Structure formats: C-alpha cells, structure tokens
Amino acid sequence: MSKKKQRVTVELTRRDFLVLGGTAVGSIVAAQVLTTGVLSPFGGLKQRQVTGEAAPEKASSQYHWGMVINLEKCIGCEYCQRSCSATNDVMDDKPWNLVVEDKTENGQTFFFSRPCLHCQDAPCVEVCPVQATYHREDGLVMMDYDRCIGCRYCEVACPYDARKFNWAERYDVNPYIPTWGIAEVPRRPRGVVEKCTFCVHRIDAGLAAGLMPGIDRDATPACVNACPVGARVFGNLKDENSKVAQAIANNPTIRVREELGTEPSVYYIPPAKKEA
Amino acid sequence: MATVALPTKKPSLITPGFLGWLAFLALCILIGLVSAYEVLTKGLSVTNMSNTVPWGLWITIDLSAIALGAGAFTLSAIVYLLRLKRFTPIVRLAVYVGFVGYTTALLTLVMDIGRPDRFWHPWAYWNVHSVLWEITWCITLYLIILAAEFLPVIADLPFFARWSWFGKLAHGIHKFAPVLAVIGMGISLLHQSSLGATYGILRSRPIWFKPSMPIMFILSAVAVGPALTMAIAHITEWATKRPTVPHDVLRAVARFSGFGLLAYLYIKIWDLMAVTYYGRSPQVNQGFAMLNDQTPYGFGFWVVEIIIGIVIPAVFFLSSRFNRRPVYLVVGALCAMIGIIANRWNVTVSGLTVPLSYSPGVLYQSAAGSYSPSLAEWGVAIGVIGYALLMLTIGLRFLPLFNNSAHDEASKS
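Chains A and B, in that order, give the protein sequences. Heads up: the first sequence begins at 1 in this note's numbering, then just goes up one per residue. Heads up: the second sequence begins at 277 in this note's numbering, then just goes up one per residue.
Okay, structure coming up:
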C-alpha cells in the first residue's frame, strides 16, 4: 500500500460533455413529449381523470345517433326483436336485439332489451386487427363485411354480447318475413361477424330524402317503430330538442356496465321502484 | 458433383422404423387434409365453437406452438448477445424448431379465421390499436428473421454448391446474426407477451382482465421453448443413434429451463395471490366460483399446470440426480409442454365459460359457455401436428442442423 496520495481527477473531454449534455436535453424533451405531448398515450386519459369532464365526443358530425330504452314501459312483447330480425334478415338463433326477463334488487320483474349499444369507446373497434369495425362520424359503430377476416376477437371483446358470427352460409327461411317486415339489407356472407346497425340504411336514405331519423318512420330503426308502448326512443343526442335528448334530460338514466368506460350511445330508464 | 469429399459413411435412408414413422405422419396429414376440406367447404359450423365460445382448440394450438417455438429467440439471444458460445451447437436446431412452430401456428390460424381468403388483410389494413394486428405483424417479421438466420444452413446443403453466389449471400447475411438476434429478440418479446395481452386487455371479461397475463405468457414461453429444443435433440439421438448436441450443453439448457420454470412459478403464485385473490372484484369471485363448481378448473390448474407442468420438470431439470440422465430431461420437457398447452387451453376456454352480465337487473346473464372440440377440429389438429412432426423429421434428416465444426471450436475454447 503506497502512502502517496492519489489525486482523483475526472477527465471530461468536449466530446463527453456534448454527449452527456445531449442526453440530458434529449431526455427532458422526450419526457415532455411523452407525458403531455401529442404522442402521449395517456394524454387524453389524464385530462379526463383530473378534470372529471366527460369523454371527448367521438361523433364529429352534427349528429350522434342514440337510443333511450324505457325499462319501466317495456312489456317484453319482443316486437322489437321480431321486426329487427325481419328488416335486417337476422338468423333466428342469435338475434341482434335481445329481450329477456329480469328482476330488480327488490324482486320486481322487468324486461331488459339490448341492441348494439354503439359505444363511443368501443372495445370491438379497438381490438379489430383490420379496422373492419369502425366508428362513423355520427357515432355509429359500423361493420365492413368486405374487410372482416372472421377472427372473432370483437365477439370475445364485446362486454354486451352484441356480436354474432356467421358460422355457415345461410339457406334458412326467415320466419319473421313477411309478418314483421321485409328484408331491407342482404344477408351477410359466411365467415364474417355482424351486429345491430341502428338500421343505418334507413338513417342514410332518410337523411338523403330530407327525413329526420327518430321522427320520420321511414328513417327510424325498425325496433323503435315496432314498439307498441313507445319504450324505445331514437334520435340525435347532439340536438337538445330531440326526443332522446329530452328523454335523458327529464328522466333518471343509466348506461349498462358504465364502469368499463365504453361510453355507450344507448341509455336506459330503469324500472321505477315499487313497494313490494 | 464435386462437393467437399468427406469420408462419411452414407446413412441408410430407409429403415423399416423410419418408413413406419413416415406412414404414421402421412396418415395424420391425410386426416388433417380431409378435415380441412370439410371445414373449408362447409364453414366453421362443423366446429363446436359457438357465439358464446368463439375460440377453442385451434387457438390453443396457435398459442402453444408459438410459445414452444420460443427456444429460437431465447437461445439465439444467449449465443449472439450474451456471447455464451458453448451453446452454439444447439442454435441451428432451435431456430429450425422455432420456424416449424411458427408456421404451424400460421397454418392453424388460417383454418381458424372465417375468411381464409382474406388472411392478408392485417398487412393491408392497419389498426395500430389492435393487439392482434401487432401480433400478426410481429409473427410475419419474425418468420422472415428466422428464415434469414436459417439461410446459411440451407446454403450449406451440397445441392446449392453449384450456385456459389447463394452461399456467399447466405453467409453474408449470417455476419449480421447478432443484429438479427437483437431484432428477433425485440419482436419476440413483443408478440410473446402480446399473446397474453390478447386476453389481459379485455375489460369486458373479469377473469382475464389483469396486467399479469402478458408476463406469465412470456415467462412460460422462455422457460419451455428451449426445453423442447433440448428434448428434440435427445430424441433424435435415440432415433438415429448418432450424436447431435453435446450432452453438457443440453444439460445446461435444461438447467436454464428449470430456473425459467421456477421464475414462472413465482409469477404464477404472485398472480394468484396479488392479482386474483387480493385484487379480486365481485365478478372475479363469481367467475372463479362458477369455474370451480362446474368445470375441472382447479384440477387443470393445480395438477396439470403447476405439478405436471412446472414442479416435476423443474426438479428433473435442476436436480443433478435426474438431469444427468437424458430420459429424465426428455420426460421433463414433455411434462412442461403438457403444462403449457394446458395453461393456454385453461386461459382460453375458462375465460369464455364465465358468462357476461350486463343487464341492470340481478338475474340475467349471458349463457355460460361450454365447449369440447368437434371431430373436424380434432382432425385439423392432428393434421397440423403431423405437419410439424414431418417438418422436424425432414429437417433432422436432410439439413445440417448439428454443426459439428462449431462444436469442436466450442470444446476447444
């Protein structure tokens, strides 16, 4: 062991200085871009959590089609399901429109029905590997049957069981035609996934003809027209005078599995509590 | 035919045993072709999959084949990145096994999608948010990398000696092996874990929705992939009675797998405790109660996945009492393989068995899924397994997978 004091020096060349300085500046810039910049995957999320404001509206056009289903009024007649199955020529064993009997917490019977909820943050749209299912500007979740590869990931991902796969080419006779309506869209080919479209063919044709969906019957989804008790209301959520906006404003409403953050476009008026 | 004149004794290509094995494989593939024809003409309605259980046996095979092919990237990384040159003699075999695993998965996937004619859509129509899109791209790119890594082996065949440019090109590419290993490792880590994320990101399914899913998938793949490669080397040695890979290397691979399995076990127990038990929600509780009640989920998890799939192989791989004898190493690798297949099956089917509940009422929930594969599904499964075994047989028979010169170098250093 030498007693000589050893001087410890740090040699810093200009090159080292530039490298270290560059790294520091680069890290700061990267951190800034990733946390608040446009590249940040959490930017939107953070904003929403901090301010508590509603999710950004996906529907960018002047329309956002939505539905209100009044569970207090629904009598479980299944007319919505039948007219839907006729109009959209849906296979019998898994209808696009589901109607089931259910009970509230205090044992009171009611009828629950479910079209596609057209979520604004839809899990199916997120998982589709080919963008065969996508958001339209008016809030509708659409299916492109010509692009779908039939991987069924959307079916697995949907929290509401709203999707259906065509396991075979269809040769069945639709029992609902012509009693409940006639087929307005072609049958879907084998090997693709399908779901409720809010009768998009009626909406588009109706708007082109100057009709207003939700008011004029020819532009309104078949299930809404068929409901004998007016339990289903359809219209533009962005127009505060529309029937749906009024129904939401004047009633307590819920959306199903809201905790998932899917932002469905379908609102439910829960059954009124009755004393048993 | 002036190739390098080595005084090798020509192995007899056709023995009765080999012929029998080929006949067996041909039968498997024939069954597969008949079933595939059935599926392609009649559609997926000939399977027992349904709208409640849209994924089944074939997805299990995809996931398992990709996980079992993970030996390729693991051992490539060990040799080319960590520079542990003693493992060089097994890399070619590992890359080949990986290649077979990935092509098997793609083959099954094409059968599984409703529109096989549109298999190319993920390449053309991008949804960058989709895990499945990312997996498709990763697998495509990784197959290209595996092919590039494997090109020198093909070029070494005497057949290609007549085109010298091909050999030069292949060995030129081989110079980039470390670069390919880095890219390959990145892509593999990405998609092996994304296969777990496929389930883990689904907020709609309570018992799948957890961040531990990708970690468990990747750890199990890294642990079991190399073990399978090791077992194939041993089995080939038994079948051909010629040395393949030095036994000390194979034992080292087995020990690596053993430690990998222990890490996997730790994460699995952590997942069970932290994520599933203490992090439980009412839906998760209900889901597991239902699974334990109505399906052999508990047996599958504890006996097949944990004991057969992890504990037994870990003991065989790590205890020097067992790991000196190849028969234990092979049995251990097969156990680990059974464990990983059971795990992928359990994850897929049990997640789909638990019904969804979305009505505001307390009574209604969607139908509980029940599923057992149909004859056509088993047929296709037998076919693709036959394909994988045939590819392995052809490769082991005709390709210079066991590079003896590299072995000599390694033993010298």
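Just so it is clear, CB atoms sit at the ideal spot from N, CA and C, and this is done for glycine as well. Values in this document were obtained by computation on a predicted structure and should not be read as measured data.
Going by DSSP, what residues sit across from residue 137/A in a beta bridge? Within the first sequence, residue 137/A is the residue found at index 137, counting from 1. Bridge partners of residue 137/A: none, in fact.
Taking the alpha-carbon positions, what's the residue 584/B to residue 376/B distance? The sequence position of residue 584/B within the second sequence is 308, counting from 1. The sequence position of residue 376/B within the second sequence is 100, counting from 1. Near 25 Å, if we compare the C-alpha coordinates of residue 376/B and residue 584/B.
Quick check on this structure: which residue in 635/B, 417/B, 470/B has the alpha carbon closest to the alpha carbon of residue 459/B? Counted from its first residue, the second sequence places residue 459/B at position 183. Checked all of 635/B, 417/B, 470/B; the closest Cα to residue 459/B is 417/B.
Using a Cβ distance threshold of 8 Å, determine whether the stretch 639 to 650 of chain B contacts the stretch 294 to 312 of chain B, with at least three qualifying pairs required. no
Between residue 409/B and chain A, is any beta-carbon pair separated by less than 8 Å? On the second sequence, residue 409/B is found 133 positions in, with the first residue counted as 1. By this cut-off, residue 409/B is an interface position.
Is the CB of residue 248/A under 8 Å away from at least one CB in chain B? To locate residue 248/A, count along the first sequence from 1; it is residue 248. Chain B, which has no Cβ nearer than 8 Å to the Cβ of residue 248/A, makes this no.
Could you work out which residues of chain B lie near residue 157/A, taking near to mean beta carbons separated by less than 7 Å? As a first step, residue 157/A must be located in the first sequence, where it is residue number 157. Those are 478, 480, listed as they occur along chain B.
Can you name, in chain order, every residue of its own chain whose Cβ lies under 7 Å from the Cβ of residue 662/B, other than the five neighbours on each side? The count along the second sequence starts at 1 and reaches residue 662/B at position 386. Excluding residues within five positions, the ones whose Cβ falls inside 7 Å are 301, 304, 305, 308.
Exposure of residue 467/B, with buried meaning 16 or more beta-carbon neighbours within 10 Å: The residue given as residue 467/B occupies position 191 in the second sequence. Residue burial annotation: residue 467/B is buried, with at least 16 other C-beta atoms found within 10 angstroms of its C-beta.
Within the same chain, show all residues whose beta-carbon is closer than 7 Å to that of residue 390/B, passing over the 5 residues directly before and after it, in chain order. The residue labelled residue 390/B in the question sits at position 114 within the second sequence. Counting only residues of its own chain and dropping the five nearest sequence neighbours on each side, residue 390/B has a CB closer than 7 Å to the CB of 320.
For the alpha helix (DSSP H) that residue 254/A lies in, which residues bound it at each end? Position 254 of the first sequence holds residue 254/A. No alpha helix (DSSP H) contains residue 254/A, which DSSP labels as neither H nor E.
Which bits of chain B does residue 151/A rub up against, with CB to CB less than 7 Å? Looking up residue 151/A in the first sequence gives position 151. Result: 389, 408.
From 486/B, 605/B, 491/B, residue whose alpha carbon lies closest to that of residue 553/B: The count along the second sequence starts at 1 and reaches residue 553/B at position 277. Among 486/B, 605/B, 491/B, the Cα nearest to that of residue 553/B is on 486/B.
What does a CB cutoff of less than 7 Å around residue 402/B pick up in its chain, not counting 5 residues either side in sequence? For the purposes of this step, residue 402/B is identified with residue 126 of the second sequence, where counting begins at 1. The beta carbon of residue 402/B sits closer than 7 Å to those of 409, all from its chain and outside the five residues before and after it, given in chain order.
Can you list, in chain order, the residues of its chain whose CB lies under 8 Å from that of residue 219/A, leaving out five sequence neighbours each side? The count along the first sequence starts at 1 and reaches residue 219/A at position 219. Cβ neighbours of residue 219/A beyond the five flanking positions: 202, 203, 205, 206, 207, 209, 211, 212, 213.
Could you say which of 127/A, 85/A, 23/A, 75/A lies nearest to residue 476/B if we only look at CA atoms? To locate residue 476/B, count along the second sequence from 1; it is residue 200. Among 127/A, 85/A, 23/A, 75/A, the Cα nearest to that of residue 476/B is on 127/A.
State yes or no: is the beta carbon of residue 656/B nearer than 8 Å to at least one beta carbon in chain A? For this step, residue 656/B is matched to residue 380 along the second sequence. Not one chain A Cβ lies under 8 Å of residue 656/B.
Residue 635/B to residue 102/A span [Cα, whole Å]: The count along the second sequence starts at 1 and reaches residue 635/B at position 359. The count along the first sequence starts at 1 and reaches residue 102/A at position 102. Taking the straight line from one Cα to the other gives about 8 Å.
Which of the residues in the stretch 314 to 337 of chain B, read from start to end, lie with their CB under 7 Å from any CB of chain A? 318, 319, 320, 321, 327, 330, 331
Any alpha helix (DSSP H) of 4 or more consecutive residues that is wholly inside the stretch 168 to 247 of chain A: Secondary structure in the stretch 168 to 247 of chain A: the alpha helix (DSSP H) runs of 4 residues or longer, each lying completely within the stretch, are 200 to 208, 222 to 226 in chain order.
Neighbourhood of residue 380/B by C-beta distance below 6 Å, restricted to the same chain and skipping five residues each side: Your numbering for residue 380/B matches position 104 in the second sequence. Closer than 6 Å at Cβ, skipping near neighbours: 341, 660, 664.
If we define contact as Cβ-Cβ less than 8 Å, is residue 638/B a contact residue for chain A? Taking the second sequence and counting its residues from 1, one reaches residue 638/B at position 362. Residue 638/B counts as touching chain A.
Since I believe residue 251/A is in contact with residue 185/A (beta carbons under 8 Å), could you give me their beta-carbon distance rounded to a whole number of angstroms? In the first sequence, residue 185/A corresponds to position 185, counting from 1. In the first sequence, residue 251/A corresponds to position 251, counting from 1. The C-beta distance from residue 185/A to residue 251/A rounds to 32 Å, too long to meet the 8 Å contact threshold.
Do we get a CB-CB distance below 8 Å when we pair residue 128/A with the residues of chain B? Residue 128/A sits at position 128 when you count from the first residue of the first sequence. Chain B, which has a Cβ nearer than 8 Å to the Cβ of residue 128/A, makes this yes.
Cβ-Cβ separation, residue 489/B to residue 472/B (assumed contact under 8 Å), whole Å: Counted from its first residue, the second sequence places residue 472/B at position 196. Counted from its first residue, the second sequence places residue 489/B at position 213. Yes, they are in contact, since the Cβ atoms of residue 472/B and residue 489/B sit about 4 Å apart, within 8 Å.
Bridge partner(s) assigned by DSSP for residue 121/A: Locating residue 121/A in the first sequence gives position 121, where the first residue counts as 1. Answer by DSSP bridge pairing: none, since residue 121/A is not bridged.
Taking the alpha-carbon of residue 166/A as reference, which of 192/A, 151/A, 148/A, 144/A has the nearest alpha-carbon? As a first step, residue 166/A is located in the first sequence; it is residue number 166 there, counting from the start. Ranked by Cα distance from residue 166/A, the options 192/A, 151/A, 148/A, 144/A are led by 192/A.
Need the endpoints of the alpha helix (DSSP H) that residue 338/B sits in, please. Mapped onto the second sequence, residue 338/B falls at position 62. Where residue 338/B is concerned, the enclosing alpha helix (DSSP H) stretches over 333 to 344.
With a threshold of 7 Å on Cβ separation, who are the neighbours of residue 563/B within its own chain once the five nearest residues in sequence on each side are excluded? Within the second sequence, the letter at position 287 stands for residue 563/B. 482, 483, 630.
Output the boundary residues of the beta strand (DSSP E) element that contains residue 111/A. Position 111 of the first sequence, counted from the start, is the residue given in the question as residue 111/A. Looking at the DSSP string, the run of the beta strand (DSSP E) that includes residue 111/A is 109 to 114.
Does DSSP put residue 294/B in a helix, in a strand, or in coil? In the second sequence, residue 294/B corresponds to position 18, counting from 1. Helix, per DSSP.
On the DSSP letters alone, give me the boundaries of the beta strand (DSSP E) that residue 65/A sits inside. For the purposes of this step, residue 65/A is identified with residue 65 of the first sequence, where counting begins at 1. First-last of the beta strand (DSSP E) with residue 65/A: 65 to 70.
Could you say which of 117/A, 71/A, 15/A, 148/A lies nearest to residue 197/A if we only look at CA atoms? To locate residue 197/A, count along the first sequence from 1; it is residue 197. If you compare the alpha carbons of 117/A, 71/A, 15/A, 148/A with that of residue 197/A, the shortest gap goes to 117/A.
Taking 8 Å as the cut-off, does the stretch 636 to 645 of chain B touch the stretch 92 to 106 of chain A (at least 3 CB pairs, one atom from each stretch)? yes
Stretch pair the stretch 565 to 580 of chain B + the stretch 514 to 534 of chain B: three plus CB contacts closer than 8 Å: no
Would you please state the rounded distance, in angstroms, between the beta carbons of residue 328/B and residue 645/B? I believe it to be under 8 Å. The sequence position of residue 328/B within the second sequence is 52, counting from 1. The sequence position of residue 645/B within the second sequence is 369, counting from 1. Right, the Cβ-Cβ distance comes to about 4 Å (below 8 Å), so this counts as a contact.
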